[in-house]
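Protein chains in written order, with this note's numbering: chain A, 1 to 338; chain B, 1001 to 1338; chain C, 2001 to 2338; chain D, 3001 to 3338. Just so you know, even glycine gets a beta-carbon here, dropped at the ideal spot from N, CA and C.
4 protein chains.
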Amino acid sequence: MRKIRVGILGATGYTASESIRLLLSHPNVEIAIATSRQEAGQPIAQVHPQFAGRLDLKVSQPEPGAIAAGCDVAFSCLPHGASAETVKAIVEAGCRVIDFSADFRLGTLDLYQQWYEPHHPWGEMLGKVPYGLPELFEKEIVGAPVVANPGCYPTSAILPLAPLIAAEAIFSEGIIVDSKSGVSGAGRTPKLGSLYCEANESIAAYGVGNHRHQPEIVDIVGRYTGCTLDCVFTPHLTPMDRGILSTIYVRSRGASVAEMMHVLRQQYQSAPFVHVVDHLPATKFVAGTNHVQITARQAGDWVILLAVIDNLVKGAAGAAIQNLNCMFGLDQRLGLGG
Amino acid sequence: MRKIRVGILGATGYTASESIRLLLSHPNVEIAIATSRQEAGQPIAQVHPQFAGRLDLKVSQPEPGAIAAGCDVAFSCLPHGASAETVKAIVEAGCRVIDFSADFRLGTLDLYQQWYEPHHPWGEMLGKVPYGLPELFEKEIVGAPVVANPGCYPTSAILPLAPLIAAEAIFSEGIIVDSKSGVSGAGRTPKLGSLYCEANESIAAYGVGNHRHQPEIVDIVGRYTGCTLDCVFTPHLTPMDRGILSTIYVRSRGASVAEMMHVLRQQYQSAPFVHVVDHLPATKFVAGTNHVQITARQAGDWVILLAVIDNLVKGAAGAAIQNLNCMFGLDQRLGLGG
Amino acid sequence: MRKIRVGILGATGYTASESIRLLLSHPNVEIAIATSRQEAGQPIAQVHPQFAGRLDLKVSQPEPGAIAAGCDVAFSCLPHGASAETVKAIVEAGCRVIDFSADFRLGTLDLYQQWYEPHHPWGEMLGKVPYGLPELFEKEIVGAPVVANPGCYPTSAILPLAPLIAAEAIFSEGIIVDSKSGVSGAGRTPKLGSLYCEANESIAAYGVGNHRHQPEIVDIVGRYTGCTLDCVFTPHLTPMDRGILSTIYVRSRGASVAEMMHVLRQQYQSAPFVHVVDHLPATKFVAGTNHVQITARQAGDWVILLAVIDNLVKGAAGAAIQNLNCMFGLDQRLGLGG
Amino acid sequence: MRKIRVGILGATGYTASESIRLLLSHPNVEIAIATSRQEAGQPIAQVHPQFAGRLDLKVSQPEPGAIAAGCDVAFSCLPHGASAETVKAIVEAGCRVIDFSADFRLGTLDLYQQWYEPHHPWGEMLGKVPYGLPELFEKEIVGAPVVANPGCYPTSAILPLAPLIAAEAIFSEGIIVDSKSGVSGAGRTPKLGSLYCEANESIAAYGVGNHRHQPEIVDIVGRYTGCTLDCVFTPHLTPMDRGILSTIYVRSRGASVAEMMHVLRQQYQSAPFVHVVDHLPATKFVAGTNHVQITARQAGDWVILLAVIDNLVKGAAGAAIQNLNCMFGLDQRLGLGG
């Protein structure tokens, strides 16, 4: 079988290098192109020295025509706004795309404009692009020309919340999502807050009350369940490379914790990467993998849902490969370890 | 002026070494005695190599008579249960004590028995020992023979909550305290979960729904305000040596965030270590110090209070020295930096 | 093709869990047995929660007969001494073994007794068991019943040194190997020095002048080159989970740095995991992988060789799988990523 | 007594904030001025949020006249080149200066030009400015208008080497200084290599064979001993905020390790911050302090000297305060803990 040719657009950041790392052990894929305006002409191992001797590829300028000609699918690791523009050109040239940016995640242009930019380069696609969580939207993903790769925080919140809301086990109001993320979520662009000596040995909240992943959680849970979530989302920068833990406070509509665990186990019984566990999940248990661990606990009147993912894998590159596998009819697990 | 002679009981752990570190720069104090059953006979610099050439003292067996004879005040860093027994003997022999354990924090024997042990060696003192937060209980601390040094998590929750409850700015029900602590809070006894390779690069909740600091928060806020708090408390182990961030979700009774900030500023205007700030606090901003940073933010229908302390300083050794300063009529800031 | 059945002996530690992690994505292998005296009867996911939902296996008591019957090859992650005894029983029962301990690495019983124990359970094998570095000893490994998996530090020192000594490019005297290792090298048994708050934010040397990996380096370089190395080895505990950097100071016998790089490139041109690079290697570039990066630099009269590996992968579990692949006629890269 | 007024020039970086942290608890000092071109007009707590409520000072433009008028001594935390120019203006206006840059450390203009810049704004001072290690050069420091605050790496190498060279205990040739530093040594300017996700969980050498601290070590040991050192210096970036460990390989001229320890103990018997210890020093033992721990060990034909400092304290801000104390006739320990 001919290998699926993947292009990596915006190849300098962490989600790009993580995609390359995983794709290198995918048996049905070859990395055909890696693009970056600022690093074009450099060997990829110059940009990411971990690939020295492992991937012999020169970074090229992003040319939609060349990308569409040379790839079966492109991973767009470009920032929002820029991504939609490139995605449009590539898709129109006949190449499928998995978009890591937020450009196609939300269901309406209004919502996009409220939280992102006044102009969307391909706004008519909002509402038509599937949200790349195969655990919830596999059917839509299979045949799609563009898949919106989920945000990292939303992945950790939607997977535990959506089935419990759908099953009417918990109320959709008064939900608190208190999330803790590793520093790689802040990207590879040098800035003060991402410096080792600023982030190390410290934890702090940021984006309190106004983070863009809050409307994404609400929108996607709504898309899956039909319910309008009322939730507060507080992200925290945690001194570790990778990992997200979401501690989610919900109120039961009568279901016991055991019944909630049962709902979750039923939902994910055939999902290869989602594990409903009895122990308290730690981000380390899923670090470097596409796996998710979820549990639920009683605490006074509240039920606490705890979910962990690796923000760079299930929260980005791994989800993209899982989506690629769905889009090309492969076993979801290919290239994603055991 | 003769120096105040301090004894350190249970000198092997982190709260003990942090006490020594701070006391070494206290101008009015000398460390007279350090005790430990298992390390008796060793130079202190054998137990804590950071003190080589800085403190010439041999660890001794804990003898209440010798402690009372040689010290004006003892810091008991012993575990609960064992601590109360030793504290009783020392106090009866005429020495004052600052107790780092939980033995004298709670207001009733019932509560102690419910959360700690069936037997309390000096149960009649519960309700009579002041809680060592000079910001709230200075008057009681001044003349007390025993002061209960506060728990680390409770310090970070009580300081922002108590004044706002007292001012009727927020509801006392439905409060969520989501706390993140460095690993030193788990102590210096070797155990699997405290190993570097278990705790590093990972965050996880523990004690969900049943941590002993929850009743302490409720009891002390109640003691100060007369209100019965209804709150959930979730601690998380965070990959850093020290620091606690508490992210506290409360509901306003009508007060704006600005009004809450005003209440807090009024309350702590003459407290040298509590700072009500406009920025989002990070634990690093207070690491190694006795300072506290608190702020409040709106997030949907909720108000989020954020407070940071160093669990080993304001959450343990620094609070003890602040209490010592109150008990001996000194400026609260002595030995605690600028 | 029937899968190769692997047994993991001593399944509780980090080299065991890393072996499981890698074997789970090896297409030709199944994990048949995992043993541990202390954890027998527990599901493996109880011991290593990262495998929840990923490996359904109960830890069993180590019974040589059962192991030999159920496995084609065993990974012995037992401590030295205990390992040799078990290896002997298993091999005699017809199962091949890759031994992670130091029991079969050294070439003579004398040397073993000098550095390890007075008694060796199977001392007559010393000198007959191949050293499991396929880059240097592939032929001996292929048909061997027992392979001695290399020590982590020695791997990082032997790979750069052996070819340069063999080529007479450098002197074999006056060599300094200054190595820095992550904390996982200290194992998973709780002890003071491995605690997060002891190892974090700190670097220190240990075993100065008397570490057991020094004679291993000398012995194996000698076995490969016929030369007797005179070298000092200083290991350092570095605050990170995994990784070894060896900074090796050597004197040229006339060869330039460029010529040394050429020797190394020639030696490893067909070795899939060893990369001779122009940049300065960082342990992060090989973290989680079986890869090695090596370079050489001039510094005054000295030449500095720098080599990085992941101590748990190329320094333990990955090397074992590479050896397994050699022993069973498979591509060395199988199960070890791209 | 009137307090000594200190100015902090270049107040945005880590050595500046560390100076402020320490000066806040110095009983005889007040921080009068803090300057920064880019942050002028901001409260200092905006630049360094750890000082909120602790230091009420606005950052100002650097005006030599205003600095000289308002300060008794200035800490110049400016980069080399820029520093010398400012230092000249301030000293000529009558203010004393402790210069954190390398501008006045080396003994000759030639050496400066070889390793730094072709032009030196005040080159005639080279050779006249004392090197700010009071342990070796106290007499010269006392009355000096300008003191060159030592480099962090050189401090860790000179303190163990100089007395042993002077005592002819070790050879001055063939010395290897293998140093490991925390990330704060790289400064607070955002750049790729200082990002958390680049530096964390990784160790790497840098500046191999060409780091500017090598000639500083040689020059200062030469100034103290009259010997020309032949040494190689290799710095490594280590994943921790602060701390330097130097592992120094030397050859004995006949002295035993015990005799070397005796030489060091004699040299530093009245130095309050240098401790010759029997244990293996870890950077954590001196973190946050101005202390130094040194030991010596035999390893084959070599002797290994091990020294640890905190690069931001004894390697920068603490040394500056120690120099300030010398310059103003105070106890060296003031403001530097116990």
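Query - Under 8 Å by beta carbon: chain B residues contacting alanine 157 of chain A - result: Within chain B, no residue comes near alanine 157 of chain A; the closest Cβ sits about 14 Å away, beyond 8 Å.
Query - Contact list for proline 2281 of chain C against chain D, beta-carbon separation under 8 Å - result: Close partners of proline 2281 of chain C in chain D (Cβ separation under 8 Å): Ala3204.
Query raised in the report: By DSSP, does alanine 74 of chain A sit in helix, in strand, or in coil?
Result: The answer is strand: DSSP assigns alanine 74 of chain A an E or B state.
Requested in this report: Less than 8 Å between the CB atoms is what I'm expecting for isoleucine 1004 of chain B and aspartate 1072 of chain B, so what's the real figure, rounded?
Outcome: Indeed they touch by this definition, with Cβ atoms about 5 Å apart.
Report task. Let me know if threonine 3015 of chain D comes out buried or exposed under the rule of 16 or more other beta-carbons within 10 Å of its beta-carbon. Result -> So threonine 3015 of chain D counts as buried.
Query raised in the report: Secondary structure at alanine 1166 of chain B, three-state DSSP: helix, strand or coil?
Result: Assigned with DSSP and collapsed to three states, alanine 1166 of chain B falls in helix.
Query raised in the report: For valine 1006 of chain B, which of B:Pro1043, B:His1048, B:Phe1075, B:Ala1052 has the nearest alpha-carbon?
Result: Comparing Cα-Cα distances from valine 1006 of chain B to each of B:Pro1043, B:His1048, B:Phe1075, B:Ala1052, the minimum goes to B:Phe1075.
Query raised in the report: Would glutamine 3298 of chain D count as contacting chain C if we go by Cβ distances under 7 Å?
Result: At least one chain C Cβ lies under 7 Å of glutamine 3298 of chain D.
**Report entry** chain D contact for glycine 2209 of chain C (CB, 7 Å cutoff)
**Finding:** At a cut-off of 7 Å, the C-beta of glycine 2209 of chain C has a neighbouring C-beta in chain D.
Query raised in the report: For the region 2035–2064 of chain C, which residues have a CB atom closer than 9 Å to at least one CB atom of chain D, in sequence order?
Result: Listed by position, the residues of the region 2035–2064 of chain C near chain D (Cβ gap below 9 Å) amount to none.
Query raised in the report: In chain D, which residues lie less than 8 Å from glutamate 2259 of chain C when you measure between Cβ atoms?
Result: For glutamate 2259 of chain C, no chain D residue has a Cβ inside 8 Å of its Cβ, as the nearest lies near 17 Å away.
Query - Every unbroken beta strand (DSSP E) within the region 3129–3195 of chain D, with a cutoff of 3 residues, ordered by chain - result: Entirely contained in the region 3129–3195 of chain D, the beta strand (DSSP E) runs reaching 3 residues are, in chain order, 3146–3148, 3175–3181.
Query raised in the report: Candidates D:Gly3041, D:Ala3045, D:Val3097: which alpha carbon is nearest alanine 3068 of chain D's?
Result: Minimum Cα distance to alanine 3068 of chain D is reached at D:Val3097.
Query raised in the report: Taking a cut of 7 Å between CB atoms, which residues from the region 216–250 of chain A lie near chain D?
Result: So the list reads Asp241, given in the order they occur along the chain.
Requested in this report: Please check if any C-beta of chain C sits within less than 7 Å of the C-beta of threonine 3175 of chain D.
Outcome: Note on residue identity: the sequence assigns isoleucine, not threonine, to residue 3175 of chain D. Contact of isoleucine 3175 of chain D with chain C is not assigned, every C-beta pair being separated by 7 Å or more.
Query raised in the report: In terms of DSSP beta bridges, what is glutamine 3298 of chain D paired with?
Result: D:Val3303.
Query raised in the report: Near proline 3134 of chain D, what residues of its chain come up, given a Cβ to Cβ distance below 7 Å and the 5 sequence neighbours on each side ignored?
Result: Answer for proline 3134 of chain D: Ile3141, Gln3322, Asn3323, Cys3326, Gln3332, listed in chain order.
Query raised in the report: Does the beta carbon of glutamate 2140 of chain C come closer than 7 Å to any beta carbon on chain D?
Result: So, not an interface residue.
Report task. Compare the Cα-Cα distances from valine 308 of chain A to each of A:Ala157, A:Gln114, A:Leu57 and report the closest residue. Result -> It is A:Ala157.
Report task. Determine the closest residue to phenylalanine 1104 of chain B out of B:Ser1246, B:Tyr1116, B:Ala1093, with distance taken between C-alpha atoms. Result -> When C-alpha distances from phenylalanine 1104 of chain B are compared across B:Ser1246, B:Tyr1116, B:Ala1093, the shortest belongs to B:Tyr1116.
Requested in this report: For threonine 3247 of chain D, count neighbouring Cβ atoms within 10 angstroms of its own Cβ and tell me buried if that reaches 16, exposed if not.
Outcome: The residue in question, threonine 3247 of chain D, is buried, as its Cβ has 16 or more Cβ neighbours within 10 Å.
**Report entry** Residue closest to asparagine 3028 of chain D, alpha-carbon to alpha-carbon, out of D:Cys3227, D:Gly3318, D:Arg3021, D:Arg3002
**Finding:** In terms of CA proximity to asparagine 3028 of chain D, D:Arg3002 leads the group D:Cys3227, D:Gly3318, D:Arg3021, D:Arg3002.
Requested in this report: Find out if the Cβ-Cβ distance for the pair valine 1313 of chain B, threonine 1283 of chain B is shorter than 7 Å.
Outcome: For the 7 Å CB-CB criterion, valine 1313 of chain B and threonine 1283 of chain B do not form a contact.
**Report entry** Alpha-carbon to alpha-carbon, glycine 193 of chain A and cysteine 152 of chain A
**Finding:** Straight-line Cα distance between these residues: approximately 19 Å.
Query raised in the report: Taking the Cβ atom as the reference point for each residue, do leucine 126 of chain A and proline 62 of chain A lie within a distance shorter than 7 Å?
Result: No, the Cβ-Cβ distance between leucine 126 of chain A and proline 62 of chain A is not below 7 Å.
Query raised in the report: For a contact meaning CB atoms closer than 7 Å, what does alanine 1199 of chain B contact in chain C?
Result: Residues of chain C passing the Cβ test: Tyr2196.
Query - Assigned secondary structure, arginine 3105 of chain D (DSSP; H/G/I helix, E/B strand, else coil) - result: Assigned with DSSP and collapsed to three states, arginine 3105 of chain D falls in coil, not helix or strand.
Requested in this report: Take every Cβ of the region 3043–3056 of chain D, pair it with every Cβ of the region 3016–3027 of chain D, and state whether three or more of those distances are shorter than 8 Å.
Outcome: Three or more beta-carbon pairs separated by less than 8 Å link the region 3043–3056 of chain D to the region 3016–3027 of chain D, which places the two stretches in contact.
Query - For asparagine 1200 of chain B and threonine 238 of chain A, the rounded distance between their alpha carbons - result: Each residue's alpha carbon lies about 11 Å from the other.
Query raised in the report: From the beta carbon of lysine 128 of chain A, is the nearest beta carbon of chain B less than 7 Å away?
Result: Taking 7 Å as the threshold, the shortest C-beta distance from lysine 128 of chain A to chain B does not fall below it.
Query raised in the report: Between which two residues does the beta strand (DSSP E) containing proline 3079 of chain D stretch?
Result: Here proline 3079 of chain D belongs to no beta strand (DSSP E), and DSSP marks it neither H nor E.
Requested in this report: Report the residue from B:Tyr1131, B:Gln1113, B:Pro1130 whose alpha carbon sits nearest the alpha carbon of glycine 1123 of chain B.
Outcome: The option with the nearest alpha carbon to glycine 1123 of chain B is B:Gln1113.
Query raised in the report: Which one or two residues does DSSP pair with serine 2202 of chain C in a beta bridge?
Result: According to DSSP, which records beta bridges pairwise, serine 2202 of chain C is partnered with nothing at all.
Query raised in the report: Terminal residues of the continuous alpha helix (DSSP H) containing aspartate 1219 of chain B?
Result: Residues 1213–1225.
Report task. Go to glycine 318 of chain A, then tell me how far its beta strand (DSSP E) extends in each direction, as first and last residue. Result -> Note, glycine 318 of chain A: premise wrong, no beta strand (DSSP E); alpha helix (DSSP H) at 318–327.
Query raised in the report: What does leucine 1133 of chain B reach in chain D if we use C-beta pairs closer than 9 Å?
Result: By Cβ distance, chain D contributes nothing, its closest Cβ being about 18 Å from leucine 1133 of chain B, past 9 Å.
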